[in-house]
Amino acid sequence: MNARSYLCAAIVALAALAPGSFAGNLDLSTVPPREGVQLTIYNSEDITLVREVRSLSLKKGANHIQYSWANTLIDPSSVEIRPLEHADEIEVLDATFPGDRPQQLVWNIDSKTEGQVKFQVTYFTSGLSWAADYVLIANKDETELSLDGFVQITNNSGEDYGNAQVRLVVGVINLVEKIQDLARRGLITEQAAADALERRKSEEGLTALGYVAGFAVKDAEAANKPAEIIKEGLSEYFIYTIDGYQSIPNGWSKRLASFHARQVSFDVLYRLRPEQYGARPARFFMLKNDEEHKLGTTPLPDGVMQVFRDNGRDGLSFLGRQSVKYVPVKSDIELNVGADDEVVEELKQMSVERSSFSFDRHQLVDGWDETRLLRYEIRNYKGKPVRMEIRKIIPGDIELSAEDARLFDYQTVEFAREVKPHDKLAWEFKYTQHLGKNARQNTIRVR
Amino acid sequence: MRHSLTATWTPFLCAAIVFALTASASARIKLTTLPVRERVEIQLDNPSATLVEEERIVTLLAGSNQVDFSWANAAIDKATIQFRVVNMPLRPKTPEDAASILRPDGTVEMIQVISVAYPPNENSLVWEVFSEKPFAARVRISYVISNITRSFDYRAVADHDETALTLSNYIRLANVSSEDFGPSAVWAGFGDVFQREIGANEAKQMLAWKFPAVPIRKTYTFDWYRGQVVPSEPDQRYVAMRYVLVNDKARGMGLFPLQGGKVRIFQNDGRGGEAFTGEDWAKLTPIDDEMKLYLGLARDVVVRRKIARNDRHVIAGNLFDQDVVLEYRIENYKDSPAVLDLLEDMNRLRDDLCGAKDHDAQWQIVPEGTTVQADRIERKDSRTFEAHLPLDAAPKGETKVAPVIVAIHLQLKNEW
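Chains A and B, in that order, are what the protein sequence lines are.
If you want the working numbering, it's the position in the first sequence, counting the first as 1, plus 82.
If you want the working numbering, it's the position in the second sequence, counting the first as 1, plus 1228.
What follows is the structure in C-alpha cells.
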C-alpha cells in the first residue's frame, strides 16, 4: 500500500448494526493484506479485471465487511466478493454503498462457520494498460532479421500491484460505458447505467474471460529468470499469461520479452505509390507471421516496431519506426522503412497527341482523345537486384497499352519490375484518354 | 523515494548497476560507482533520427542485477533504447532452456534482460538483467536522441578555366542535446568514420569526402518563362550561369548520393588565390544525376526573343493549328566561346498565344524555317525543348560583336 491510495478490506466489528446505520459508526478491526492478485489487462479498452485473494476472519452469523478504494479508478458496480472456502456455509447477502462515503462499500455476509476464510474480490479498474512493441534488427545484407516482441504494462490506476499474476488479452471487446467514467461517477447516481454494463458483460462473456481458471496465491519473490509468456487462444481473443509474478507500482511501466525470433528470412520490395507513400519509392521489409519464417506461433498484437539494421561496422543503423496493426498468424507484415537514396525512379511524360475530334452543332470541339507517352526509369545502385511495384492512378475513360501492365482497380494500373544490381531499366507506355463527348465511362481498359 | 544523482551529473547520461537481488522496484538503491563510457558512436545516416551507441563495462553478479539508466536534459526516445551485451558469454543449450535465446549456432546466451521498468515522471529506466555467472559485460546501449542534427556543406573550387572543380563535402554535426559525449566515432552514412570529441552544445564540421578535379560544364541558360526579367527590356531575359557536374564514376564521383546542402563556390584566380563567386543550395543528387550550381547572371551574353510569326490555321469548327516562329538575337561579349541553352515551356507559350487551356500543348518543331540544326534541339519532355547553341568568343580588337540570329519554327497542334 502506498500513501496516495489504498484498497482495504476491513472487518466490521459491530455485527449487529443494521446496514443503513454504518456511516460514522464503524471501527476497523483488521486490514487483511492481499495474499494474491491477478490482473487481466485488455489492450483494446481501458479495462482491467482484478482478482485478489484476502483472508477474512468471520464469526458465525452476520458479518459486515467494509471495502474501500480511495483515489483509484475502480468501477464500483463491478466489485464482487465470493468465498473460496466453505462456499456452502457462507452467503453474501448484499452490498451497501454508503451515500456519504464515496469509493466504499459494505458487504453483509452471513456465515455458518467461524475462523479465517479465503475470499476472492474481483473488480474492474481503468488505468492499467498494456501494449506490444517490437524490435527488428536486419542483417547487413538485408536477407535475415531478428525480431523481438515485448509487452509493456503501465500502471496509472492509482494502486500498487505487487507480486501480481498478469494476463494480457489481445482482442477487441465491446463496452457500453468507460470504466473510468464509472469510477469517477460512482454508483449511486448511475445505477441504471452500471446495470446495463453488467448485463452487457454477461451477454458478451466478458466476465467469463477473467474467470477462466483459479490462480495460485504467491508468497515468494519474483523468480530470477526471464518470465515466459504463455499464449493461448480463446474464442476471438488471445490471452498472454506472463509466467511468474510481477510488481508494478502505480505510475510505473514494466516491459517484458514476449518472444525472440532469429534468422527470420524476409524480402525487400520497393513501392511507388505517390498518393500513399509520397513522391519517392518506399522501401518495404516484407515478412510473414508463419512458421516458415520462424514466427507464427501467435498473432502479433498492435504495436510499434523499431527497425534497425546491422550497419556492417559492429553497430546499428536506425531505419525508423512503424505502427504495426494486429497481425494474424500466416498474415504478411509490411514495414515501410522509407526512401532509399540508392534506388532512383523517374517518370516523364514524353508526348501528347490529340485525335478523334467531334463537334457540337456550333462546330465547337466537344469530344476528343489524348494519347500520352510516359516513360519510367529506375536506377539501381545497390549491389543486389531490386523489385519495384508501381501504381499509377489514371482517372477517366482510358485505353492503355503496356507490357506487363495489370489493373489494380478501375483507375489504377500496376507495373512490377526487377532491376539488376548497378543497372537501370526504362520502359514506356501509352494510354489514350477519351475526353468530352468521347468519354463513355470512367475506367481503364488494358489492351 | 529513489536517490537521484542528477544534481551531481547534469547534464548526464548515466548507467548505474544495482546489486539488488531482493530490492523492490519502488525502493531501489543506486550504486554510486558509475561505469564510464568506453566507446561512443553517433550514427547520422538517418536524416531524421540520430542513433547513439555507447558501450560501458557493467560488472554483473550471478543472478538478478538491476541496471539503472537515467538521463537529464537530453531528449532520448525511451522506446528506442536497446541493451545488448557485446561480449556475450555463451554455453551449450540444455533441456531447461525453453525461454532462453538460442543462437543460430545452438549456443545459449548466459545474460538476459528479464524486464525493463520505467519509473514515473523520470527520465530513467531499470533493466533487470539475469546473469548465469559473475561477468564483466561490455554493454552496448543504443538510443535515438533528438537535438543532434546533421547538415552538409560543400566547398567547390573551380579551376581558372572553369573546366573542372574540386568538391569538398563537409558534414556538420550540431549537438544541442545538452549531452557531452566525449571522444566519439561519428558516421554520416557514407565515407569515413570520424573520431572526434563531441561536447555539449557545440557544432563540429568535418570533411567527409573530397573529389578532386571533377570535370564540369559551365552552362548559360536562357529561359523565357523562368528567367529574370531585364528592366525596361521587354524582349530580354537575363542568362543564368551554372556549373553542372555529374555524380558518376567517369568523373571521379559516383560513390554515394550527394546530400543536399549549401555549396560555396570559389574560382582559382590564376594567381595562386581563390575568388568567391557565389553560393547555391545543392539538391540531393543521386548517383549518375547532375548537380547544377547556380552562379548568377551572365551580363556578357545577351539574348532577345521575339515571336516573329503567329499564324492560325483552322482545321474544322473551332479546331486549329498555329504556326509560331521564335526568333532569338544572341550576342556574346565574352572573350571565350560558350554554349547557350535556350529553354521553352510549350504549355506557357501556347497559353500566351492561344489563351490559357487546361490541357497540355501538342506541338512539333517544323524543320522549314528553323535555323538550328535538328540534332541541337532536345525534347526534354512533353512540354519542354532545349536548344544548345555554340557561341563564338567576341572578336578581339575594336571589331563589334555581331549578333547571331536563330529561328525555331513550331507548330502548336489541335488547339481550340
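Built from N, CA and C at the ideal position, the CB exists for glycine as well.
Asked, Found
"Proximity winner among A:Lys474, A:Asn153, A:Asp182 and A:Tyr149, relative to leucine 354 (chain A) (alpha-carbon distances)", "A:Lys474"
"Boundaries of the alpha helix (DSSP H) in which proline 356 (chain A) is found, first to last residue", "356-359"
"Counted within 10 angstroms of its Cβ, other Cβ atoms place glutamine 1340 (chain B) as buried (16 or more) or exposed", "buried"
"Same chain, Cβ closer than 8 Å to histidine 1541 (chain B), neighbours up to 5 away in sequence not counted", "Phe1548, Asp1549, Gln1550 and Asp1551"
"Residues near isoleucine 311 (chain A) in its chain [Cβ-Cβ closer than 6 Å; skip 5 each side]", "Tyr322, Ile324 and Ser340"
"For isoleucine 1493 (chain B) and alanine 1386 (chain B), believed in contact at Cβ under 8 Å, the rounded distance", "7 Å"
"Three-way DSSP call (helix, strand, coil) for asparagine 1375 (chain B) in this model", "coil"
"For glutamate 171 (chain A), three-class secondary structure by DSSP", "helix"
"Asparagine 1349 (chain B), buried or exposed, once every other Cβ within 10 Å from all chains shown has been counted against 16", "exposed"
"Beta carbon proximity, glycine 378 (chain A) to chain B, threshold 8 Å", "no"
"Proximal residues, the stretch 406-431 of chain A versus chain B, C-beta separation under 8 Å", "Asp423, Glu424, Val426, Lys430 and Gln431"
"Backbone secondary structure at threonine 1308 (chain B) - three-state DSSP", "helix"
"Reduced DSSP category for glycine 292 (chain A) - H, G, I as helix; E, B as strand; rest coil", "Unreliable placement is indicated for glycine 292 (chain A), whose pLDDT of 26 sits below 50; the coordinate value is still reported in the next sentence. Three-state result, glycine 292 (chain A): helix."
"Simplified DSSP assignment, three categories, for asparagine 145 (chain A)", "strand"
"DSSP beta-bridge partners of arginine 1265 (chain B)", "B:Arg1284"
"Same chain only: Cβ atoms within 8 Å of arginine 1465 (chain B), ignoring 5 sequence neighbours per side", "Phe1450, Asp1451, Trp1452, Gly1455, Gln1456, Val1457, Val1458, Val1531 and Arg1533"
"Of the listed residues A:Ala213, A:Phe390, A:Ile261 and A:Ser413, nearest to asparagine 1274 (chain B) (C-alpha basis)", "A:Phe390"
"Chain-ordered neighbours of tryptophan 509 (chain A) on chain B, where CB pairs are closer than 9 Å", "None at all; the shortest Cβ gap to chain B is about 16 Å."
"N- and C-terminal bounds of the beta strand (DSSP E) containing methionine 1469 (chain B)", "1467-1474"
"Contact belief for asparagine 237 (chain A) with glycine 333 (chain A) at Cβ below 8 Å, rounded distance in angstroms", "7 Å"
"Reduced DSSP category for glutamine 534 (chain A) - H, G, I as helix; E, B as strand; rest coil", "With chain A running from 83 to 529 in the structure shown, residue 534 (chain A) is simply not present."
"C-beta neighbour in chain A for tryptophan 1644 (chain B), strict 8 Å", "yes"
"Delimiting residues of the alpha helix (DSSP H) encompassing asparagine 1575 (chain B)", "1574-1582"
"Glutamine 1340 (chain B) - partner residues in DSSP beta bridges", "B:Phe1358"
"Local Cβ density within 10 Å of histidine 444 (chain A), reported as buried at 16 or more and exposed below that", "exposed"
"At least 3 beta-carbon pairs within less than 8 Å: the stretch 496-511 of chain A vs the stretch 434-452 of chain A", "no"
"Test: glutamate 1269 (chain B) CB closer than 8 Å to a CB of chain E", "Absent from the structure: chain E. Protein chains present are A and B."
"Where isoleucine 1716 (chain B) meets chain A, residues with beta-carbon distance less than 9 Å", "The question about residue 1716 (chain B) has no answer here: the residues shown for chain B are numbered 1229 through 1644."
"Serine 599 (chain A), buried or exposed, once every other Cβ within 10 Å from all chains shown has been counted against 16", "The structure shown does not extend to residue 599 (chain A), since chain A spans only 83 to 529, so no value can be given for it."
"Close-in-space but distant-in-sequence residues of the same chain around threonine 1322 (chain B) (CB under 8 Å, 5 per side omitted)", "Val1336"
"Alpha carbon of isoleucine 476 (chain A) to alpha carbon of proline 381 (chain A), nearest angstrom", "37 Å"
"Contacts that serine 1686 (chain B) makes with chain A (C-beta to C-beta distance below 7 Å)", "As shown, chain B starts at 1229 and ends at 1644. That puts residue 1686 (chain B) outside it, with no answer to give."
"CB contact flag (serine 1352 (chain B), leucine 338 (chain A), <8 Å)", "no"
"Length of the line joining the Cα atoms of glycine 1597 (chain B) and asparagine 1560 (chain B)", "23 Å"
"Whole-angstrom distance between threonine 1447 (chain B) and aspartate 1620 (chain B), CA atom to CA atom", "14 Å"
"Cβ separation of serine 1370 (chain B) and methionine 1338 (chain B), assumed to be a contact under 8 Å, to the nearest whole Å", "Actually they do not touch by this definition, with Cβ atoms about 21 Å apart."
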